[in-house]
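For reference, the structure discussed in these notes is given below.
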């Protein structure tokens with residue numbers, strides 16, 4: 103059987119527009135998507151705040167925040183609409199702000215009482231930071247969002263030794279190789295972000311260097327998590343949709359950064375404040 107040819111796509115606002123689900127008159131908070139969030143830790147509590155507030159600002163029916171680190175009060179202070187009780191979700195976001203050394207494999211994650219819900223509710227899932235080690239171990243459609251250093255660590259642990267510098271030197275090669283070897287969709291963060299799944303490779307426009315600041319990766323995870331939750335049905339019915347949604351999240355992230363920057367420095371908090379305007383511009 104002949105191998106499928108690689109599809110290389112440069113992502114545009116028109117492409118992103120197709121992955122932003124706008125509500126109809128018949129929608130309610132549950133039909134608009136519910137994102138389950140397991141993020142933050144005692145070491146990095148801010149990640150819980152950034153992921154949940156970014157998801158809420160992107161447009162979603164509900165954010166359910168699950169924490170074993172007593173961070174609910176921080177999340178609710180910033181995003182009082184968040185729900186801190188377990189329940190049904192349409193997507194999961196796991197791992198932002200969670201120390202990778204503490205949760206190095208699935209056995210340690212299974213001792214996390216809320217993570218067990220994610221294995222029972224087999225819905226599309228995004229793995230970030232401390233949950234990257236779970237790549238390939240979940241049955242549901244899975245997206246991982248490493249930077250070059252995290253991808254280097256992950257691949258080396260799986261028997262493919264490679265340095266972060268090597269990945270940065272040829273990101274297209276390594277994002278494709280990681281997607282195939284791990285059996286997941288991979289979004290490789292960088293000044294130019296790449297998304298790979300199967301025989302699809304998506305290239306994002308170059309982002310502003312002002313994005314290189316603490317917490318912007320957590321914001322990106324929250325944006326993508328919200329988009330996944332609103333695209334669950336489409337993701338389950340289309341093999342490439344998860345990659346397209348991930349690329350759309352990165353596109354929104356970069357557009358909001360430009361709006362927040364206006365040529366100067368930005369913070370993760372200012373980035374979140376511009377998400378609504380960025381999405382509005384893309385939808386025009």
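Numbering (the numbering used here), first residue to last: 103 to 386.
Note that the Cβ used here is the ideal one computed from N, Cα and C, for glycine as well.
What you are looking at is a predicted structure, and each value in this text was computed from that prediction instead of being measured.
Problem - Three CB pairs or more closer than 8 Å across the stretch 313 to 332 and the stretch 265 to 277 - result: By the criterion of at least three beta-carbon pairs nearer than 8 Å, the stretch 313 to 332 is not in contact with the stretch 265 to 277.
Handout entry: Buried or exposed by the 16-neighbour rule on C-beta atoms within 10 Å, applied to residue 439
Key = Absent from the model: residue 439. The displayed extent of the chain is 103 to 386, so no value can be given.
Handout entry: Expected contact under 8 Å - CB spacing of residue 361 and residue 310 to nearest Å
Key = Contact between residue 361 and residue 310 fails: their C-beta atoms lie close to 10 Å from each other, not under 8 Å.
Practice task
Give the straight-line distance between the Cα atoms of residue 166 and residue 120, rounded to the nearest whole angstrom.
Solution key: One C-alpha to the other measures close to 26 Å.
Handout entry: Straight-line gap, residue 262 to residue 254 (C-alpha atoms, nearest Å)
Key = Distance between the alpha carbons of residue 262 and residue 254 is about 9 Å.
Problem - Bridge-paired residues (DSSP) for residue 296 - result: In the DSSP output, where bridge partners are listed per residue, residue 296 has 290 and 305.
Problem - Exposure label - residue 271; buried when at least 16 CB within 10 Å - result: Answer is exposed; the Cβ neighbour count stays below 16.
Practice task
Note the first and the last residue of the continuous alpha helix (DSSP H) segment covering residue 119.
Solution key: Counting along the chain, the alpha helix (DSSP H) containing residue 119 begins and ends at 115 to 119.
Exercise for the section: Can you give me the Cβ contacts of residue 251 inside the same chain, cut-off strictly under 6 Å, excluding the 5 residues immediately before and after it? Expected result: Taken in chain order, the residues that qualify are 266.
Exercise for the section: Please state whether DSSP places residue 160 in a helix, a strand or coil. Expected result: In this structure, residue 160 counts as helix in the three-state DSSP scheme.
Practice task
Go to residue 246, then tell me how far its beta strand (DSSP E) extends in each direction, as first and last residue.
Solution key: Residues 244 to 246.
Exercise for the section: State the Cα-Cα distance for the pair residue 307 and residue 294, rounded to the nearest angstrom. Expected result: Cα-Cα distance, rounded: 6 Å.
Problem - For residue 68, three-class secondary structure by DSSP - result: Look at the range of the chain in this structure, 103 to 386, and you will see that residue 68 is not part of it.
Problem - Three-state secondary structure (DSSP) of residue 166 - result: Residue 166 falls in the strand class under three-state DSSP.
Exercise for the section: Decide yes or no for the touch test of the stretch 336 to 351 against the stretch 129 to 138: beta carbon pairs closer than 8 Å, at least 3 of them. Expected result: Inter-segment contact for the stretch 336 to 351 and the stretch 129 to 138 is absent: fewer than three beta-carbon pairs are separated by less than 8 Å.
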